[in-house]
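Structure record follows, encoded as structure tokens.
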Amino acid sequence: MFDLNSKFNTFYRDHVVLSRDDQNQLNEKRRLNIARLESGLSDYNLQKNTSYKIVDTIVQGSMAMHSITQRDNNQYDIDIAIIFDKANIPGDTNRVKGIVAEALKKKMGTFNTNPKVKTNAITIEYAEGYHVDFAIYRRFAVNNGDYKYEHCGAYWNPRDPRAITNWFNNQNENNGNLRKVLRLLKMFCKSRSDWSMPGGLVLSVLSSECLSSDPRLDITFYKTICAIRDRLNRSHEVYNPIASKVSLLFDSKDKREVTNLSTELTKSIAELDILFAGNCAETQAMHAWNGFFKHDYWSNLAENAESSLVHMKDKKSESGSLMVSLFVLGAAAIGGTLWLIFKGNREK
């Protein structure tokens, strides 16, 4: 496989991994919205003569797994689990979601839209593109002093709010490439605006199942996406990593997204075949990865490399012309000298 690993690592470091400033901005929005909810809940309690209280908050999703990638349109998801004691809140899930939405609404200020009540979360949407999802949990103590948790969806469902993050971190510790591969796969999935691709958890499970390993990141990624392609050719089903009998594909949209991933991976991997040709040039390899990721980094890299080649050819051409000119001038000078010598000898 043509070795562009150095440039592949640069792409990953500079254009895939979220910058420290952007990470800090996301964390600030997380803190701000938790404070907004707690303040709104305090106002709600005063108004309704209730005493609802959040006892814990837990970062979830790609923020917790540190797998967020750079996005041109700021479409970042901030997932937060908010925990109540079971005895402190109503048993009806719709009522609990209504309380949280109402508390947030009291502190929305200049927001153009109110919080959206969804089946599994309450969502705040920023005009800049950010989404904050509050997933609601209740907890109750068990005999050994630990807590059991239940998630507020259509009904209360047993679920540990830390389980997915713990699973992912354990998988990544076994092979630190998992987070890198997942980030790169996410970049592929969002490389075309008209694609509808699976969410982060489905991509995490597939990456974990199919992860390859090589000292070179470009080979690691290539082998992993080939394994994912082959895995999806066998089956499109994807199961929850902490509940192996529970599918992560809840509806036709989820299933269609996995089908899209299978289709586009198959086509895009085929276009990388040039990387294995014995006569593959560096610019061809750059164009191949640009075809895969559709990112300015790769297109600019190829364009600059091609410009350098043209410049070098022009330099060689100029050098060749100069050599010919010098040769002609030299020959003329030598010829003139010989003629003078010959003429002098004749005159003697």
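Residue numbers for the sequence shown follow the numbering used here, so the first one is 28 and each next one is one higher.
Idealized CB from N, CA, C, for every residue including glycine.
Note that the structure is a prediction, hence the values are computed from the model and not measured.
Asked	Found
Between the beta-carbon of Phe-381 and the beta-carbon of Ile-149, is there less than 8 Å?	For residue 381 there is no data in the structure shown, the boundaries of the chain being 28 and 375.
Going by C-alpha distance, which of Asn-76, Leu-59, Ile-105 is nearest Gly-227?	Ile-105
From this set, Glu-333, Arg-189, Ser-78, Asp-41, which residue's C-alpha is nearest Tyr-324's C-alpha?	Asp-41
Closest by CA to Ser-239, which one among Thr-247, Leu-233, Val-232?	Thr-247
Quick one: what's Tyr-153 bridged to in DSSP?	Paired residue(s): none; Tyr-153 is not in a bridge.
Please classify Ala-91: is it buried, with 16 or more other beta-carbons within 10 angstroms of its beta-carbon, or exposed?	buried
With Val-82 as the anchor, note down where its beta strand (DSSP E) starts and where it stops.	81-87
To the nearest angstrom, report how far apart Ile-301 and Gln-311 are at their CA atoms.	7 Å
Which term fits Ile-269, buried or exposed, when burial requires 16 or more other beta carbons within 10 angstroms of its beta carbon?	exposed
Need the endpoints of the beta strand (DSSP E) that Asn-287 sits in, please.	Taken as a continuous stretch (DSSP letters only), Asn-287 belongs to no beta strand (DSSP E), being part of the alpha helix (DSSP H) at 279-297.
What are the boundary residues of the beta strand (DSSP E) that Asp-104 is part of?	104-112
Please state the DSSP three-state secondary structure of Thr-146.	coil
What are the boundary residues of the beta strand (DSSP E) that Ala-128 is part of?	First-last for Ala-128: 120-132, but that is the alpha helix (DSSP H), not the beta strand (DSSP E).
For Thr-192, count neighbouring C-beta atoms within 10 Å of its own C-beta (all shown protein chains included) and say buried if the count is 16 or more, exposed if not.	buried
Pairing CB atoms from the stretch 244-263 with CB atoms from the stretch 293-309, are three or more of them under 8 Å?	yes
Figure out for me which residue from Leu-233, Leu-211, Arg-189 has the closest Cα to the Cα of Asn-36.	Leu-211
How close, in whole Å, do the beta carbons of Lys-113 and Arg-63 come, if the pair is a contact with beta carbons under 8 Å?	About 24 Å; that fails the 8 Å criterion.
So Ile-163 packs on Lys-132, CB below 8 Å; how close in whole Å?	Wrong, their Cβ atoms sit about 15 Å apart, outside the cutoff.
With H, G and I counted as helix, E and B as strand and the rest as coil, what does DSSP make of His-158?	strand
Do the CB positions of Val-229 and Val-285 come within less than 8 Å of each other?	yes
Would you identify the three-state DSSP class for Leu-365, choosing helix, strand or coil?	Because the pLDDT of Leu-365 is 49, which lies under 50, any placement of that residue in the model is unreliable, and the number read from its coordinates should be weighed accordingly. DSSP places Leu-365 in helix when its eight states are reduced to three.
Within 10 Å of its beta-carbon, does Gly-67 have 16 or more other beta-carbons around it, so buried, or fewer, so exposed?	buried
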